[in-house]
Structure formats: C-alpha cells, structure tokens
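Below is one structure; the comments refer to it alone.
There are 2 protein chains.
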Amino acid sequence: MEKCGTIISYYEHIYNRPLADREKEIIRNTFQKETFKKKEIIFSSGESNTKHYFVEKGLLRMYVIDTSGKEFNILFARENQWIGDLSTPAITSFYLEAIEKSTVYSVSDENLNVLTDNFSTFVRYIKKSYIFLQNRLVSILSKTADENYEELSKLHPELIKRLPQYHISSYLGVTPEFLSKILSNKARKKD
Amino acid sequence: MEKCGTIISYYEHIYNRPLADREKEIIRNTFQKETFKKKEIIFSSGESNTKHYFVEKGLLRMYVIDTSGKEFNILFARENQWIGDLSTPAITSFYLEAIEKSTVYSVSDENLNVLTDNFSTFVRYIKKSYIFLQNRLVSILSKTADENYEELSKLHPELIKRLPQYHISSYLGVTPEFLSKILSNKARKKD
DNA sequence: CAGAAAAAATAAACTAGATTAAGAAAAACA
DNA sequence: TGTTTTTCTTAATCTAGTTTATTTTTTCTG
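Protein chains in written order, with our numbering: chain A, 28 to 218; chain B, 28 to 218.
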C-alpha cells in the first residue's frame, strides 16, 4: 500500500472529500509509521513532547502508576483509534504500551496542529476525549465495579474479548481477584 | 463599571495586550451578565445548547444525579473561573447550580468560538479542563477519600472554607457521614 | 510437545466506605 | 431573640472491594 495510506484514508473519511496532493504530501512528511512488539513501552512517565498515535493494527493502553506502584489503565486504543497524552508537549505522567504487536502512525503535537487547517478537527478530537473521560469519572463515582463491567461489555464487547482480564480490572479500578469474583458470580447466576 | 468590564479585562490579561474597540464590541454583543440566587439552578440535565459561564462573583457547581438519585459534584467555579458542560451544544447530563448568590457572564458555545480568533484560546481551555479531569480520575481510582481530601485542601484551601462539607464529600465521591468520620479522625490524631 | 511462565480462580481474613437512624450544633430567618 | 431549617456528628450494622496465599488453567517458548 501507498505510504501513509491508512492515515490519508482516515482524513478523507472525516473530511468527507479527497485530499489534495499538497495535503497528502504534508501527511507523508509529518506522520511516521512505527511498529511495536507486545509489551513494548512507547513512552513513559517523565517524558515530554510525547506524540499522538493512530493505530493501524494492534492494541495499545495508556496507564498511570500510583505512588504504591499499582497500575491503572486510563485508555485503550484499537484499530482506527487515536491515543496519546493530550497534555503534550508538557511532561506526561503516563505510560503508553503495546498490548499486542502493533503498527501505528505517530505525529507530534505541533505537526498535528499544523495539519488540521483551523484546529476544528483537533477541537473535535479533544472534546470527544473530554466527554469520554467525564462519562468515565461519573461511572467510577456512581456505579459499582459490577455495573461498570456490564457497561463496558455492552459498549465495547470486542475489547472484553481481546484484553486480558487483569487489564480490564485495572481499567475498572478494582483488583483482578475482585473482577474474577464478579465474573464467577455472574456465571453462577445464569445457571 | 463599564459593561462587560470583567470579561474584557480577563481577555486582555490572557492575550497580554489591550483589546481593540472592535473586539470589545464583539464581547459586549455576545456576553450576557446574569445573577443567580443561592441554590438557583442555571441549567439542568436534558437541556441542549447550554452556555459557558465566567464567574465574576460567587460560587457555582456542576453536578450529575445518578440513577438512584444521588448527586455527584463534578466541578466548582469561583471568581474568575469558567464553568460549563463542554459537550455543548449536545444535550447535557449535568446540572449547574449557584452555591452562593452569584454574578456571572454567560456566552453560547457558538459565540465563544467566534470570539477566540483561531480557536487557540478555546483549545487551551478545553485542554486544561481535560488534564484537570484526567488528574481527578487518577486520584479517585488510586487514592483513598482521606488522601483526596488532603490533596484538595492543599490545592484549594479556599474551596474547603467556602463549601459546605456535604458538597466536598460529594466531590470526593463519599457520603457526608464518611467525610465527617475522616475529619474527626484527623482532629483526634493531631492531639 | 514438554516445561516454564503468565493469567485466572478460589477462599479466608480484613478494611474502606455505605446505610440507617438518632441527636447536637450551627446557620438562617422572621 | 427564639424558632425553624440546614448542616454536622456519632455510632452500630452492613457491603463492596482488598490483601494474601494457594491452586488451577491457559499461553508461550525452546
């Protein structure tokens, strides 16, 4: 396939028009195709100017490690989804890791902003991310882990299938042991 | 004071330059000064096209009511702070209420976007909001209510003084009874 | 394919926080 | 100023979720 074809198709899709050669050229110059092995770390807490990543193939997670060393998954990204720390270019407190062997396109914050004519695409992206996060906060505050698991499995069944259980529990904010208990309770109830 | 003086000063401060008459005129035409009584509701869940609010004097809270009727405070805004549901103009699932008698400037999402030349001010605002929310999520996931109270009282001591305790507990995601217990434990330890 | 390593399940003891209900203190108000 | 309403406290009982430890199952790797 043509260089950066996936990204070009993506932008043609969201702009709902073919890109001009000039635009394609900008993309080819600013995006970089990268591959990561399973469990490979893409960026770490303490780094600055972290990039934005668009997943062509694979599955990534962004997570934080608290003072006692526990990990909490903040966000996952699978095919055709964006991931990255939106506080870039400031120092990040997150880690980005490939859960599966992944192929991604990376772009710096600066270049991403240059790209999107008038910021409106970026505004839409960050707004969507904000709303997602707000919903998550409300869910975590107001619902039990059991309810949050149900919600996740309804909204993103494919994630449940692909993720190891301990990554799901970390996303829900509970221990793997407790999620296992929830699931065995559910299984028992169904009988 | 001149009409919309507070807002004009605010923009002169963040732009770090005096505003042209033309710009001042836009502000006077797009912002609306409003006052709200204590406990008055500014917008409610289910409404669409909610506005953004800049607090001149007073204290507001944005909150959500869960399926069982419990309230959770998402965000507070005091003097010189912005508040509003960033998912506007889409339907909101939040409530905005004046905790104290408040004077605010309101502006529609459309007008706010027109105002800020090239989106960059709005991008900065939404990015800041996103980072704030992300930090809150991490705190709620990884820390105890006791630790979150400590953090809040260090970062925003003035809020602790102004807010009734049950609004703080709702922000921390615990019951008023439990926050009261935390505080009496703290008081006992100090002796 | 065997053995090692990673992931998941189970269970008992424990803790953070919820619930319910009552009373005390503080604030609002007339 | 006293009375009413709102806010805060205390305490007993209960539950969601943690911790620690062991076993089983699944996945990876040579």
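We treat Cβ as the ideally placed atom computed from N, Cα and C, and that holds for glycine.
Neighbourhood of residue i by C-beta distance below 8 Å, restricted to the same chain and skipping five residues each side
i               : result
L113 of chain A : I153, S156
V141 of chain B : I53, T57
S72 of chain B  : V91, I92, T119, S120, F121, Y122
Three-state secondary structure assigned by DSSP to residue i
i               : result
N56 of chain A  : helix
A214 of chain A : helix
H40 of chain A  : helix
F121 of chain B : coil
N162 of chain A : helix
S133 of chain B : strand
K84 of chain A  : strand
E61 of chain A  : strand
L113 of chain A : coil
N100 of chain B : strand
V91 of chain B  : strand
I34 of chain A  : helix
H194 of chain B : helix
I167 of chain A : helix
I153 of chain A : helix
I209 of chain A : helix
I187 of chain A : helix
Rounded distance between the beta-carbons of residue j and residue i, thought under 8 Å
i               : j               : result
K64 of chain A  : V134 of chain A : Not quite, the Cβ-Cβ distance comes to about 21 Å (not below 8 Å), so this is no contact.
F103 of chain A : R88 of chain A  : 5 Å
E127 of chain B : L86 of chain B  : 5 Å
S129 of chain A : K84 of chain A  : 6 Å
V82 of chain A  : N107 of chain A : 7 Å
L160 of chain A : L160 of chain B : 5 Å
L190 of chain B : Y176 of chain B : That belief does not hold up - the Cβ atoms of L190 of chain B and Y176 of chain B are roughly 12 Å apart, past 8 Å.
N76 of chain B  : P116 of chain B : 4 Å
Same chain, Cβ closer than 7 Å to residue i, five either side skipped, listed in chain order
i               : result
P203 of chain B : Q192, Y193, S196
P45 of chain A  : E39
G61 of chain B  : Looking at the sequence itself, residue 61 of chain B is Glu, so the reference to Gly does not match. V131, S133.
Proximal residues to residue i (C-beta, below 6 Å), its chain only, five neighbours per side dropped
i              : result
K30 of chain B : R55
Y80 of chain B : I110, G111, V131, S133
Contact list for the stretch 143-168 of chain B against chain A, Cβ threshold 8 Å: N145, F146, S147, F149, V150, I153, K154, S156, Y157, I158, L160, Q161, R163, L164, V165, I167, L168
At a Cβ cut of 8 Å, what residues of the stretch 61-81 of chain B count as close to chain A, listed as they run along the chain? none
Quick check: the stretch 118-126 of chain B against the stretch 166-184 of chain B, are there 3 or more CB pairs under 8 Å? no
Contact between the stretch 83-103 of chain B and the stretch 44-57 of chain B is defined here as three or more beta-carbon pairs at a separation below 8 Å; is this criterion met? no
Members of the stretch 83-94 of chain A near chain B, C-beta cut-off 7 Å: V91, D93
Residues, ordered as in the chain, of the stretch 95-126 of chain A that lie near chain B by beta-carbon distance below 9 Å: S95, K97, F99, I101, D112, L113, S114, A117, S120, F121
Below 8 Å between beta carbons is the criterion; list the residues of the stretch 178-206 of chain B that meet it against any residue of chain A, in chain order. G200
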